[in-house]
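Single-structure report; data block below.
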Amino acid sequence: MTLTKLHHIKSELSRLYREARRGDIDPSDATKFVYILQALARLITDSELEARIERLEQEALNEKTRL
167 MTLTKLHHIK
177 SELSRLYREA
187 RRGDIDPSDA
197 TKFVYILQAL
207 ARLITDSELE
217 ARIERLEQEA
227 LNEKTRL
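Next up, the structure:
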């Protein structure tokens, strides 16, 4: 599964939850996977915010040079 978007992470977290509830995977293993998925979600969010800030800064610079 691709884990490049937050909705991918959400789907994977839901899958892990269901598997742990059914007993298909050990809850301690599920906890470890959830921790990794949370770290990935933070990285995705931070990367998206960084890109937005860079875009806004560039737009502000372009606006300033036009004046």
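The opening position of the sequence shown corresponds to residue 167 in our numbering, with each subsequent residue numbered one higher. Think of the CB as a built atom: it goes at the ideal place given N, C-alpha and C, for glycine as much as any other residue.
So, using beta-carbon positions, are residue i and residue j closer together than 8 angstroms?
i      : j      : result
Leu172 : Ala207 : yes
Ser203 : Glu178 : Residue 203 is actually Leu in this sequence, not Ser. Yes, Cβ-Cβ distance for Leu203 and Glu178 is below 8 angstroms.
Leu222 : Val200 : no
Among the candidates the options, whose CA atom is the shortest distance from the CA of residue i?
i      : options                : result
Thr170 : Ser213, Ala186, Ala217 : Ser213
Starting from residue i and walking both ways along the alpha helix (DSSP H), at which residues does that stretch end?
i      : result
Lys171 : It is not in any alpha helix (DSSP H) - Lys171 carries neither H nor E in the DSSP assignment.
Arg202 : The question names Arg, but residue 202 in the sequence shown is Ile. Start and end: 193-232.
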